[in-house]
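**Q** One structure is given below, represented as structure tokens, and several questions about it will come after.
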Amino acid sequence: MFSKIRNLFLIVFLFFFFHTSVFSQKSGITQKPSESFKDTVRLREVIISGKKGDENISSVNMGVEKLSITAIKKMPALMGEVDIIKAIQLLPGVQASSEGSSGFSVRGGSPDQNLILLDNTTVYNPSHMMGFFSIFNNDVISSLELYKGDIPIKHGGRLSSLLDVQTKENMPDCFSGSGGLGLISSRLMLEGPIGENTFWLVSGRRSYADLFLKLSSDESINSAILYFYDLNFKISHKLSNRDRLSLNAYYGKDAFGAKPGDFKYGNGTLSLAWSHIFSDKLYSKFSLNATSYDYGMATHLEGMQMSWEADMLDLMFRADFSQSLSDAVNLNYGFTSTWHRINPGLVVSSMMENDYDVENTFALQNSLYLGNEQKITDALAVKYGLRWTVFQNLDSGKIQHTYNTFEPRTGLVYKLNDNSSVKANYAHNVQFIQLANNSASGSPMDIWFSASPNVKPQQVNMFSVGYFRNLKNNMFETSAEIYYKDLKNVIDFADHAQLLLNKELEGEIRTGTGKAYGLELMVRKNTGRLTGFANYTLSRSERTIPEINNGKTYLAPYDKTHVFNIVMNYEISPKINVSANWVFATGNPTTYPTGRMEILGEYFPIYSGRNEYRMPNYDRLDLSLNFIPKPNSKKRWKGEWNFSLYNAYGRKNPWIISYKQEDGNPPTAEMLYLFSVVPSVTYNFKF
Amino acid sequence: MKHTISLMSLKSLISLLLPVLFFSCTEEIIIHTDNSKPVVVIYGELTDEFTHQSVKITWSSPYFDNQPNAGISGAAVKIVSSDDKTYEFFENDTVPGLYESKAKWAIKADITYSLKVEIDSEGDVKTYEASTTILSPIAIDSIAIAPIDIMGYKHYAVNLFGNEPEGEDFYLCKYLVRDSLITTKISQYLMLNDVMFDGQYVDGFTLSFFDSIENWEKVPERMRNQSVYLSPGDKVELQMSRVSKGFFDFVIQCQSEMHGSNPFFGGPPANITTNISNGGVGYFSGYCISRAEAVTP
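Top to bottom, those sequences are chains B and V. Residue 286 is where the first sequence starts when you use my numbering, and the numbers rise one by one after that. Residue 252 is where the second sequence starts when you use my numbering, and the numbers rise one by one after that.
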């Protein structure tokens, strides 16, 4: 182990020195807004506060998944780290991009096709620790919604989904807090009022593996850098009964390395929002948003200093309006303008005369949207809208190239009776910036690139229909949805593509078409001592790109034929509740060698086609037990214990399959699996 | 020896990181795949060393086959150069599929060498061709070996001095340690390009690190053979060659594909490029070797 760590750091160090081939409207406004803000709600919540028990059948939206943070906290978690992204990976049509990863695929799309918003600000890389944990601190999250293709008209820019994460908005009566002590990290959230009109929240989380490493007497261990942290800050002020101002900030960082060199990456988001009610029929929200993502490596050895920095920055202004023209007609309209700057990489070295700089790229993305949700009859409601986006590549401040795109989206719901409905939906989504990453699970070394004269924006037409039925007074929700996606200008990369620090990245891009289709079945039990859901997804996702796989259609990397998820929580008593997750999924498509050539005593693979085979099927059972010692305690301090078993039956799910050659013998296959049974314990508290 | 770090090394990085973080485990797994039809594999590296040049011709085989790949006997092999010389090759008496020039000769810079291989497979004669143009050698001023402490472990850095010519260039580096070639396999080749120092004087650029013999006792026994250890007084010779982009890509791809893909870095598996015609695989290349040596302090 020690030697591995030493080698790790040595390699981090060495990396710098060598070759550079290297080198909602929610469900629509169905309720009239209140006339003024109340202390405990914000504008957005005003719109959705009337969520009915049968919303899943009455709402015109399709493919929307909601999870409460309370339910998520009860789920078993890897190493006790409650993670909302791990939770949404259990929803129908959603899957982890790889074992333990914070990347997720929605309906066969790649992870970069998901728009992830934290308080309406884009998050480009939602992961800590190379993807094994997400950046979202569950103590500060109030709600999350996942739109699997039928993205609200006010948002755009991604093909597959929108994950809308909102931090807490409710003003506490007094200073309070919550937190937890876990095996990997600990966290603390504090919040409180300032006077009657201002609310603040601050939270932090940090891992501490590196603190234990310092106890080692071995320099290669005790000098190690290995941590992540994140901070959330929020302040919200009610200016008047019609105006509210809020500031939201997030900053997080990951770092690992040692004295010779280190690697860091992190996100930062900032949003300043002003909500204003013009009248009881018209409200608005104006916001300034900024998001950044950066990563970098550095070596610190004398005479061999080198650094590699890359980052991206988005600045956005948006104005959103919601207007009720009548009980039956609710308009949404607005405008967004986003300025993108992408710095693919700058390498500076004491050993080089000149810096190696991959030029920054700039783009401007302006969108106008107008949508309407209209109740035609008591049984029939429709929504329709259009989003117009102008995407411009900028060069020295001048417009170099312009794309105009229109994204029509429409849907309807027809209630068959009080307990059931059918829905249909069409959405056209366009994506202008995407990730230059062809690995299976993503990496922190993200390079995003934009549409350009040579790279057309990716587009998808998605059709879906569904049947929704509630049972036993909405205790059970059931649904069956079918979708079909037709993708155009879908992006993949040339064989052996060099994506990092490549000044001619566009030369590695290959485009073509794709399609994805599937059936999603879901049963959810919302009330009672036993709650949870079970779902099944049958799907297929394909790509056809002339220069790849000899032009033959091949399976998309995230194609999975069958996926079963079961998530259950049972409250044994007020003190004890237990949870279980069980997951089964067809193995990811993969490319295995079918032949080999022998050169200089070593064997090298020959492949017959891309993604012709599949990894072994994946299955896993997670268990957890929440123990609340004093559930009825009147004391302010309330604590509870969470005991989790990740992969309870120790299934060895292959993460990597590699090939080993020893002493000139023919190759053998070897699988690397990340987790066997992983027990954990976490103490959570609030006061 | 730990050398050229690139995307390849990122794979190593992650492979090393994960065990540290998550105590991952490995075990053998049986994979069932179809067996692709055998194809001809041709590999030749010509050099400007005055020697019997050679070309190896074998059949490809199923990936997990227990037997070594079979050599192809009875092929007609010759090389024709752009200066109108023809070099006939003859099969080695003891190694099937190994074809050697009858006489010793050395390739020359700026000359194109064209390989032609005719194989009669059960009456079906197929011809495979490839060519390589030899690039002029790089002028190395010197190399220097400098001790360096990395986290309490003593290493020796091999630093390069020399003028790198302008234009896109690619290099192959091999090492002799104590007069013994230690880079005999493609997985051990050190490949460089000049993106970071194109047209500049390379002033002590660190090419490789060697372990000091002092680390021998510190390294677990099962891992000792993964490094080359230097002692004071050991001679290290660098053999550096300017190679074509095609050969550079071939080697990098071989190194990348050899152990399969990694979910973090590198793309999906893909066939290794070749310059052999008519459905053959492998590579035919040639290069001039520049040498520099230094003694371990």
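A virtual CB, placed ideally from N, CA and C, is assigned to each residue, including glycine. Since the structure is predicted, the reported quantities are computational estimates derived from the model, not experimental observations.
Answer with buried or exposed for S607(B), where buried requires no fewer than 16 other C-beta atoms within 10 angstroms of its C-beta.
**A** In the first sequence, counting from the first residue as 1, residue 607(B) sits at position 322. When all chains shown are included, S607(B) counts as buried.
**Q** For R754(B), return the contacting residues in chain A, with the cut-off set at a CB-CB distance below 8 Å.
**A** In the structure shown, chain A cannot be found, because the protein chains are B and V.
**Q** Using a Cβ cut-off of 9 Å (strictly closer), state whether M637(B) contacts chain V.
**A** Position 352 of the first sequence, counted from the first residue, corresponds to residue 637(B). It does: the Cβ of M637(B) has a partner Cβ on chain V nearer than 9 Å.
**Q** Below 8 Å between beta carbons is the criterion; list the residues of the stretch 954-967 of chain B that meet it against any residue of chain V, in chain order.
**A** Listed in sequence order: A954, E955, M956, L957, Y958, L959, F960 and S961.
**Q** Taking R905(B) as the reference, give the member of F849(B), T687(B) and P914(B) with the closest Cα.
**A** Walking along the first sequence from the start, residue 905(B) turns up at place 620. The shortest C-alpha separation from R905(B) is found at F849(B).
**Q** What is the C-beta distance between K523(B) and L532(B), in whole angstroms, given that I count them as a contact (C-beta under 8 Å)?
**A** Walking along the first sequence from the start, residue 523(B) turns up at place 238. Walking along the first sequence from the start, residue 532(B) turns up at place 247. Incorrect: roughly 13 Å between the Cβ atoms, too far for contact.
**Q** Determine, for N317(V), whether the minimum Cβ-Cβ distance to residues of chain B falls below 9 Å.
**A** As a position in the second sequence, residue 317(V) is number 66, starting the count at 1. So yes, N317(V) belongs to the interface.
**Q** List the residues of chain V whose Cβ lies closer than 8 Å to the Cβ of P738(B), in chain order.
**A** Here residue 738(B) refers to the residue found at position 453 of the first sequence. None at all; the shortest Cβ gap to chain V is about 24 Å.
**Q** For the alpha helix (DSSP H) that Q719(B) lies in, which residues bound it at each end?
**A** Locating residue 719(B) in the first sequence gives position 434, where the first residue counts as 1. Not the alpha helix (DSSP H): Q719(B) falls in the beta strand (DSSP E), residues I718 to L720.
**Q** Can you look up E330(B) in the DSSP assignment and give me helix, strand or coil?
**A** Position 45 of the first sequence holds residue 330(B). At E330(B), the pLDDT of 35 sits below 50, so the modelled position is not reliable and the matter cannot be decided from this model.
**Q** Are S735(B) and T846(B) close, meaning C-beta to C-beta below 9 Å?
**A** Here residue 735(B) refers to the residue found at position 450 when the first sequence is read from its first residue. Here residue 846(B) refers to the residue found at position 561 when the first sequence is read from its first residue. No, Cβ-Cβ distance for S735(B) and T846(B) is not below 9 Å.
**Q** How about S634(B): is its C-beta nearer than 9 Å to some C-beta of chain V?
**A** Sequence index remark: in the first sequence, residue 634(B) carries index 349 (1-based). Closer than 9 Å: yes.
**Q** What number of angstroms, rounded off, separates the C-alpha of G450(V) from the C-alpha of E476(B)?
**A** In the second sequence, counting from the first residue as 1, residue 450(V) sits at position 199. In the first sequence, counting from the first residue as 1, residue 476(B) sits at position 191. Cα to Cα, the separation comes out at about 59 Å.
**Q** Classify G484(V): buried if its beta carbon has 16 or more other beta carbons within 10 angstroms, exposed otherwise.
**A** Position 233 of the second sequence, counting from 1, holds the residue named residue 484(V). With fewer than 16 Cβ atoms within 10 Å of its Cβ, G484(V) is classed as exposed.
**Q** For a contact meaning CB atoms closer than 7 Å, what does K549(B) contact in chain V?
**A** Taking the first residue of the first sequence as position 1, residue 549(B) is located at position 264. Correct list: empty, because the minimum Cβ distance to chain V is about 14 Å.
**Q** Is the Cβ-Cβ distance between V707(B) and V667(B) less than 9 Å?
**A** Residue numbering aside, residue 707(B) sits at position 422 when the first sequence is read from its first letter. Residue numbering aside, residue 667(B) sits at position 382 when the first sequence is read from its first letter. Not a contact, by the Cβ cut-off of 9 Å.
**Q** Can you pull out the residues from the stretch 855-883 of chain B whose beta carbon lies closer than 7 Å to at least one beta carbon of chain V?
**A** Residues T876, Y877, P878, T879, G880, R881, M882 and E883.
**Q** In three-state terms, what does DSSP make of D547(B)?
**A** As a first step, residue 547(B) is located in the first sequence; it is residue number 262 there, counting from the start. In the structure shown, D547(B) sits in a strand (DSSP, three-state: E or B).
**Q** In chain B, what lies closer than 7 Å to S311(V) by C-beta?
**A** One-based indexing of the second sequence puts residue 311(V) at position 60. Going along chain B in sequence order, the residues near S311(V) (Cβ under 7 Å) are G880, R881, M882 and I891.
**Q** So which residues on chain B does F456(V) lean against when the C-beta distance must stay under 7 Å?
**A** Taking the second sequence and counting its residues from 1, one reaches residue 456(V) at position 205. Result: M636.
**Q** Along the chain, where does the beta strand (DSSP E) containing C505(V) start, and where does it finish?
**A** Within the second sequence, the letter at position 254 stands for residue 505(V). No beta strand (DSSP E) contains C505(V), which is instead part of the alpha helix (DSSP H) from K496 to E508.
**Q** Here's the rule I'm using: 16 or more other beta-carbon atoms within 10 Å means buried, otherwise exposed. How should R603(B) be labelled?
**A** Residue mapping note: residue 603(B) aligns to position 318 of the first sequence, counting from 1. Under this definition R603(B) is a buried residue.
**Q** Going straight from the alpha carbon of N482(B) to that of L530(B), what length do you get?
**A** Your numbering for residue 482(B) matches position 197 in the first sequence. Your numbering for residue 530(B) matches position 245 in the first sequence. Taking the straight line from one Cα to the other gives about 10 Å.
**Q** Taking only beta carbons into account, state which residues of the stretch 328-350 of chain V come closer than 8 Å to chain B, listed in chain order.
**A** Hits within the stretch: zero.
**Q** With distances taken Cα to Cα, identify the nearest neighbour of G374(V) among G325(V), S365(V), S352(V) and F301(V).
**A** By one-based count along the second sequence, residue 374(V) stands at place 123. Cα-wise, what sits closest to G374(V) is G325(V).
**Q** Between the Cα of Y581(V) and those of S352(V), G348(V) and A327(V), spot the shortest distance and give me the residue it belongs to.
**A** Missing from the structure shown is residue 581(V); chain V here goes from 252 to 548 and no further.
**Q** For G489(B) and D547(B), what's the separation of their Cα atoms in angstroms?
**A** Indexing the first sequence from 1 puts residue 489(B) at position 204. Indexing the first sequence from 1 puts residue 547(B) at position 262. Taking the straight line joining both Cα atoms gives about 23 Å.
**Q** Terminal residues of the continuous beta strand (DSSP E) containing N341(B)?
**A** Here residue 341(B) corresponds to residue number 56 of the first sequence, with the count starting at 1. Per DSSP, N341(B) belongs to no beta strand (DSSP E); it is in the alpha helix (DSSP H), E340 to S343.
**Q** Across the stretch 528-543 of chain V and the stretch 281-296 of chain V, are there enough close Cβ pairs to call them in contact, namely three or more that are closer than 8 Å?
**A** Yes: at least three Cβ pairs fall under 8 Å.
**Q** If you scan the stretch 785-840 of chain B from start to end, which runs of the beta strand (DSSP E) of 3 or more residues do you find wholly inside it?
**A** Segments of the beta strand (DSSP E) lying fully in the stretch 785-840 of chain B: 794-810 and 815-829.
**Q** Would A545(V) pass as an interface residue toward chain B - the criterion being a Cβ-Cβ separation below 9 Å?
**A** Here the question's residue 545(V) lines up with position 294 in the second sequence. Cβ-Cβ to chain B under 9 Å: no for A545(V).
**Q** Just the chain B side, please: which residues come within less than 7 Å of Q504(V) by C-beta, in chain order?
**A** For this step, residue 504(V) is matched to residue 253 along the second sequence. Per Cβ cutoff of 7 Å: H781.
**Q** Could you tell me if Y877(B) is buried or exposed, where buried requires 16 or more neighbouring beta carbons within 10 angstroms of its beta carbon?
**A** The residue you call residue 877(B) lines up with position 592 of the first sequence. Y877(B) comes out buried.
**Q** Along the chain, where does the beta strand (DSSP E) that runs through L444(B) open and close?
**A** As a first step, residue 444(B) is located in the first sequence; it is residue number 159 there, counting from the start. That residue, L444(B), is in no beta strand (DSSP E); it is neither H nor E in DSSP.
**Q** What would DSSP say about K323(B), mapped onto helix, strand or coil?
**A** Translated into positions along the first sequence, residue 323(B) becomes position 38. In this predicted model, K323(B) has a pLDDT of only 41, less than 50, meaning its place in the structure is not dependable enough to derive any value.
**Q** Rounding to the nearest angstrom, what Cα-Cα distance links F928(B) and N399(B) in this structure?
**A** As a first step, residue 928(B) must be located in the first sequence, where it is residue number 643. As a first step, residue 399(B) must be located in the first sequence, where it is residue number 114. Computed Cα separation, rounded: 32 Å.
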